[in-house]
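Shown next, in structure tokens, is the structure this report addresses.
Residue numbers (this note's numbering): 28 to 528.
Structure follows, in structure tokens:
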């Protein structure tokens with residue numbers, strides 16, 4: 028989220044600063060909830076969307092992937108736009124695009140229209156979102172106070188996905204699937220009105236956009252995702268499948284070469300020089316790769332196999348949501364400081380791995396009781412580990428790289444979800460294709476067989492998160508410093524600053 032508050036070198040009354048910080052934090056959390064929630068709110072409505080707009084089972088995943096790819100692919104360009112054009116202006120423009128795209132998606136008459144609207148939503152979110160975490164880290168400088176603020180941000184960022192599942196179920200059942208998109212319209216209008224009143228503009232500055240970097244990275248990742256999804260229906264030897272993988276690899280290599288020589292790169296490669304920070308990015312990529320697949324297949328399992336209503340399906344994820352929020356707050360309020368970042372991350376994501384592993388035991392005769400332990404374990408593990416993971420991603424970042432580093436946190440989360448879902452859909456399609464038959468019971472068996480294989484792949488992704496953290500994160504004492512004040516925040520503290528009202 029980009030927030031156009033200006034940091035100025037003049038004092039304000041002590042009674043005004045906390046109030047202003049609280050209002051700005053509320054805006055950051057509200058918009059972060061909206062853009063993160065939209066990655067999952069349509070999950071519950073997928074069966075209804077498939078029936079209304081005639082999606083195939085494999086292509087249905089693009090309703091999720093179109094949003095996450097556009098969001099993740101353009102986040103860093105959105106951060107750059109805020110730096111050059113003024114963050115308030117770009118923030119409001121992003122929310123306006125997001126709101127308009129939500130309306131267009133809600134009235135979609137066919138599948139291509141909906142996918143285009145979802146991609147446009149992602150671009151709007153990418154314009155609005157990038158500077159939120161950097162702003163939050165600037166405003167909350169005391170170690171423990173900052174960790175608690177990150178705890179709220181993390182809870183919204185990850186818990187927002189679970190809230191989206193519940194809200195999506197409610198809207199789909201009470202109204203229709205179209206309202207999972209229409210709901211953003213009044214919220215967006217209110218956010219724009221508040222932003223115009225509460226946020227002040229930052230000065231624009233000279234510079235240029237790294238459009239080549241943004242396009243090669245986004246199109247490259249999209250080509251890889253398309254290759255995985257096409258492999259699910261046409262096989263790994265299909266000409267278009269192979270061409271998509273080749274194009275994706277070439278474009279991503281080109282992206283790295285461009286960034287190495289760009290005077291103002293969209294992704295400063297020096298951010299990956301720190302081993303622990305690089306490991307935290309890769310760990311987030313792997314984790315969300317498994318997590319998005321869990322949401323995608325479990326929502327369909329609950330409706331197609333257990334015959335839950337959309338609302339009941341959304342409420343079925345409540346144990347995950349409660350465990351996530353509870354553990355993220357517990358982590359932020361003392362566990363990071365007491366145990367250090369690395370032990371907490373390794374333990375938390377190990378618990379998440381166990382939860383994902385239990386999902387591989389589902390069958391067509393499984394009941395909801397079989398899902399309770401996996402949901403609680405996955406939520407609790409993520410809640411414990413995500414606060415120190417986010418802090419590690421921002422530790423030691425220089426002021427000039429703060430926006431890019433914060434953007435990369437969201438980029439890895441969105442791209443990991445998009446590519447991971449594409450991989451899991453491919454695994455699902457390959458496993459289920461040979462078992463598919465005409466009867467309802469056999470069709471359910473085919474779905475569960477494919478989903479079980481997808482959950483196995485998801486378990487591999489989450490366990491890879493643990494391996495990366497164990498191998499690449501520095502020792503406990505160094506990792507515990509992830510909660511320390513970043514370099515660029517310490518530099519700001521040398522000058523009295525205030526949030527201008």
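Quick reminder that beta carbons are idealized off the backbone N, C-alpha and C, glycines included.
The beta carbon of residue 258 sits closer than 8 angstroms to the beta carbons of 265, 268, 453, 456 and 457 from its chain, once the five residues preceding and following it are set aside; these are given in chain order. Annotation: the continuous alpha helix (DSSP H) that includes residue 278 extends over 266-288. In the three-state reduction of the DSSP assignment, residue 364 falls in the helix class. Rounded to whole angstroms, the gap between the alpha carbons of residue 450 and residue 384 is 17 angstroms. Assignment of residue 400 by DSSP, reduced to helix, strand and coil, places it in the helix class. Here DSSP, grouped into helix, strand and coil, assigns residue 333 to coil. When DSSP states are grouped into helix, strand and coil, residue 70 belongs to the coil group.
Here DSSP, grouped into helix, strand and coil, assigns residue 232 to coil. With a 10 Å radius around the Cβ and a threshold of 16 neighbouring Cβ atoms, residue 489 comes out buried. Spatial neighbours of residue 278 in its own chain (CB-CB distance under 8 angstroms, excluding positions within 5 residues in sequence) are listed in chain order as 243, 244, 246, 247 and 250.
Our two residues, residue 184 and residue 403, have alpha carbons roughly 18 angstroms apart in a direct line.
Here residue 472 is buried: its Cβ has 16 or more other Cβ atoms, across all protein chains shown, within 10 Å. By the Cβ neighbour-count rule, residue 233 is exposed, with fewer than 16 other Cβ atoms within 10 Å of its own. Taken through DSSP and simplified to helix, strand or coil, residue 442 comes out as helix. Proximity to residue 121 across 130, 109, 132 and 175 peaks at 109, based on C-alpha coordinates.
Nearest to residue 116 by alpha-carbon distance, out of 224, 98 and 343, is 224.
When DSSP states are grouped into helix, strand and coil, residue 415 belongs to the helix group. Under the 8 angstroms Cβ criterion, the segment 336-355 counts as touching the segment 393-408, having at least three qualifying pairs. Taking residue 412 as the centre and dropping the five residues before and after it, the same chain places the C-beta of 371, 372, 375 and 376 closer than 7 angstroms to its C-beta, in chain order.
Around residue 239, the same chain offers 285 as residues with beta carbons nearer than 6 angstroms, after the five sequence neighbours per side are excluded. Burial state of residue 136 is exposed, judged by a 10 Å Cβ sphere holding fewer than 16 other Cβ atoms. By the C-beta criterion, the segment 413-425 is judged not to be in contact with the segment 325-343, since fewer than 3 inter-stretch pairs fall below 8 angstroms. Straight across, the Cα-Cα distance linking residue 174 with residue 382 is about 26 angstroms. Annotation for residue 425: no alpha helix (DSSP H) segment contains it, and DSSP assigns it neither H nor E. Comparing C-alpha distances from residue 333 to each of 138, 398 and 202 shows the shortest one belongs to 398.
For residue 387, the three-state secondary structure derived from DSSP is coil.
Using a Cβ-Cβ distance cut-off of 8 angstroms, the segment 128-143 and the segment 203-216 are in contact, since at least three pairs of beta carbons, one from each stretch, lie closer than that value. By the neighbour-count definition (other C-beta atoms within 10 Å, threshold 16), residue 262 is an exposed residue. Residue 445 holds the alpha-carbon nearest to the alpha-carbon of residue 96 among 445, 499, 144 and 497. Cβ neighbours of residue 105 within its own chain (closer than 6 angstroms, five residues either side excluded): 153, 154 and 157.
Counting only runs that start and end inside the segment 171-258, the alpha helix (DSSP H) elements of at least 4 residues fall at 206-209 and 211-225.
Under the three-state reduction of DSSP, residue 453 is assigned to helix. Beta-carbon to beta-carbon, residue 342 and residue 196 are separated by about 7 angstroms, close enough to satisfy the 8 angstroms threshold. About 7 angstroms separates the beta carbon of residue 52 from that of residue 176, a gap short enough to meet the 8 angstroms contact definition. For the 8 angstroms CB-CB criterion, residue 80 and residue 147 do not form a contact.
For the 8 angstroms CB-CB criterion, residue 311 and residue 443 form a contact.
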